[in-house]
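A quick write-up on the structure given underneath.
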Amino acid sequence: TGPITVAGNLLWDNGTHFEVYGASNLNITGNVTWNGQVMETGTDGPACDGNRFTRNVGYRGAGFDGSANGLILRCASNMLVAHNTLDGFDQFALDIVDGTTGVAYGGSIANLRILNNVLSGGRAYSIDSVLPSSVRIDYNLLYNTGSTAVYGDHLVYIKGIGNLDTLDAFRTRTGYDAHGRFGDPRFVNRAAGDYRLTAGSPAVDAGSEVLGDGHTGAAPDLGRFELP
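Okay, here's the thing in structure tokens:
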């Protein structure tokens, strides 16, 4: 149990880069991960409460003998997932499930907030249960028009509904990402792992004030990097 800050690391070729197990008050920020699963949360009783996952980059990578995925959030009460760039994952950038509904190693995800992220190049969300009404998912940029990811032909998955391929369909079914956007993030050089934004990106000035760490335009940019 924190406060503990994990910042400025490069992590690759791991089954899971961050394993959060019954841990609270962690601040995971400014890290870059590839070739593996970004993070998994779980518990055998203690809460995973008040954790922050902000301004990180995670991407699929290449040549990894295994499935590369984003974050599994099954124990994440009062957690903030904001201003991250997650690109190209096989099954999901964010897998979200109410861990209090008979989920193995699950815990509360009440008041989980997922805001101002860029989720591109693969299936953005896998929502595996009805989520608590206190969960907030908004102001994210989604982009996938077909990719080499395992579920690269789909934008989101919702249990009981199946795969959806448009942001409008996702909004209609869930009410999430009411202020979200769909479009090419226009990274500087995706192939080289340079996930800074270029002018004209739909991520520019599209966010809400969450971190209070400053922005250059009318509103915060989405994803890890603020356009200078």
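Residue numbers for the sequence shown follow the numbering used here, beginning at 11 and rising by one.
We put the CB at the ideal spot given by N, CA and C, even for glycine.
First through last residue of the beta strand (DSSP E) which encompasses residue i
i, result
"Ala-179", "Not the beta strand (DSSP E): Ala-179 falls in the alpha helix (DSSP H), residues 177-184."
"Gln-101", "No beta strand (DSSP E) holds Gln-101; DSSP gives it neither H nor E."
"Ser-118", "Careful: Ser-118 lies outside any beta strand (DSSP E) and carries neither H nor E."
"Tyr-167", "166-168"
"Ala-17", "14-17"
"Thr-158", "No beta strand (DSSP E) contains Thr-158, which DSSP labels as neither H nor E."
"Asn-37", "36-39"
Proximal residues to residue i (C-beta, below 8 Å), its chain only, five neighbours per side dropped
i, result
"Leu-177", "Leu-152, Leu-165, Asp-187, Gly-190, Arg-191, Phe-192"
"Gly-265", "Residue 265 lies beyond the residue range present for the chain, which begins at 11 and ends at 238; the question has no answer from this structure."
"Ala-57", "Gly-32, Ser-34, Cys-85, Ser-87, Gly-117, Ser-118"
"Ala-229", "Asp-215, Ala-216, Gly-217, Ser-218, Glu-219"
Nonlocal neighbours in the same chain, by C-beta distance under 6 Å from residue i, ignoring five residues either side
i, result
"Asp-105", "Ile-82, Ser-136"
"Ser-31", "For the sequence presented, residue 31 should be read as Tyr rather than Ser. Same-chain partners within the cutoff: Gly-52."
"Ser-211", "Pro-195, Arg-196"
"Met-49", "Phe-28, Leu-81"
"Asn-41", "Asn-19, Asn-66"
Local Cβ density within 10 Å of residue i, reported as buried at 16 or more and exposed below that
i, result
"Val-145", "buried"
"Asp-138", "buried"
"Trp-44", "buried"
"Glu-219", "exposed"
"Pro-238", "exposed"
"Ser-130", "buried"
Reduced DSSP category for residue i - H, G, I as helix; E, B as strand; rest coil
i, result
"Arg-200", "helix"
"Glu-219", "coil"
"Leu-236", "Note on residue identity: the sequence assigns Glu, not Leu, to residue 236. Residue state, collapsed to three classes: coil."
"Met-89", "coil"
"His-27", "strand"
"Ala-228", "coil"
"Thr-51", "strand"
"Ile-171", "coil"
"Arg-206", "strand"
I'd like the ranges of any beta strand (DSSP E) spanning at least 3 consecutive residues and lying wholly in the region 105-153.
123-125, 128-130, 135-137, 146-148, 151-153
Counting only runs that start and end within the region 55-82, where is the beta strand (DSSP E) found for 3 or more residues in a row?
62-64, 67-69
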